[in-house]
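Under the working numbering, the first residue of the sequence shown carries the number 48, and numbering increases by one thereafter.
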Amino acid sequence: MTFLSRIISTSLFLLCTFCLSQQALAALAADLQDGQHVLLMRHADAPGYGDPSGYVIAQCATQRNLGEYGKKQSKAIGAWLSSQEIQVATVFSSPWCRCLETANLLNKGPVKIDPAIGSFFDDMSLEKKQTKQLEVLIKNELGKQSRVPIILVTHHVNIQAYTGKVVGVGDMVLVKVNKNGEYVSHVMYPSP
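Take a look at the structure:
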């Protein structure tokens, strides 16, 4: 292969890669506006495991919270979402402070707290009840047909109960749902 052939081949490869990546960028934004998808996200990095005993939901100082890396990670995810053509979204958060801070640092609009996406890590008997509440939340929000992307910042137990997928901190799951807000399928987006 001549030098000119290599340059042409490389240029064509880069052009094709760019075109495909632009289609993927537009695909996430389009999916989140089709009335059949939501984006579930696990909160950003919060050092530790679980919450300290005796924590109080309304008192962030008693909980496990985002560290500096988690704050930077949240901002980076917000920037990544912007690069995916998602500038504004309807954002819901678990009442836990690490989720609220993650949701706010995404910088996609006002954050609404919803207990349906609160952690049930400390009481796994709530899994089915809260998963049903999540389905109702999704059904109601998609039923508004505003076509604004919906982002739900929650916990690994909630995402695993709803999708069957284990996720890391800051990971996102694009979920296709049926008309009742029930899980149909998903696509993973690892934390950027």
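We put the beta carbon where it would ideally sit given N, CA and C, even for glycine.
What you are looking at is a predicted structure, and each value in this text was computed from that prediction instead of being measured.
Counting only residues of its own chain and dropping the five nearest sequence neighbours on each side, glycine 125 has a CB closer than 8 Å to the CB of Leu152, Leu153, Asn154, Lys155. DSSP, reduced to helix, strand and coil, places leucine 79 outside both helices and strands of the structure shown, so it counts as coil. With respect to alanine 123, proline 239 sits close: the two C-beta atoms are nearer than 8 Å.
Looking only at Ala108, Glu188, Gly114, Val158, the smallest Cα-Cα distance to glycine 95 is reached by Gly114.
For the pair tyrosine 230 and glycine 117, the Cα-to-Cα distance works out to about 28 Å.
Taken in chain order, the complete alpha helix (DSSP H) segments of 4 or more residues contained in the region 96-145 are 115-130. It is roughly 6 Å from the alpha-carbon of isoleucine 198 to the alpha-carbon of valine 85. Listed in chain order, the non-local C-beta contacts of cysteine 144 below 7 Å within the same chain comprise Cys107, Gln110, Asn112, local neighbours out to five positions each way being set aside.
Rounded to the nearest angstrom, the gap between the Cα atoms of leucine 75 and aspartate 170 is 34 Å.
Contact between isoleucine 164 and leucine 181 holds: their C-beta atoms lie close to 6 Å from each other, under 8 Å.
Scanning its chain for C-beta atoms nearer than 8 Å, with the 5 sequence neighbours on each side dropped, one finds around valine 183 the residues Ala163, Gly228, in chain order. For histidine 84, the pairing in a beta bridge is given by DSSP as Lys223. With fewer than 16 other CB atoms across the displayed protein chains lying within 10 angstroms of its CB, aspartate 81 is exposed. In the three-state scheme derived from DSSP, where H, G and I count as helix and E and B as strand, lysine 159 is classed as strand. Beta-bridge partners assigned by DSSP to tyrosine 236: Met219. The C-alpha of isoleucine 185 is placed about 13 Å away from the C-alpha of serine 193.
Beyond the five residues adjoining it in sequence on each side, leucine 128 comes within less than 7 Å, by CB distance, of Leu153, Lys155 in the same chain, given in chain order.
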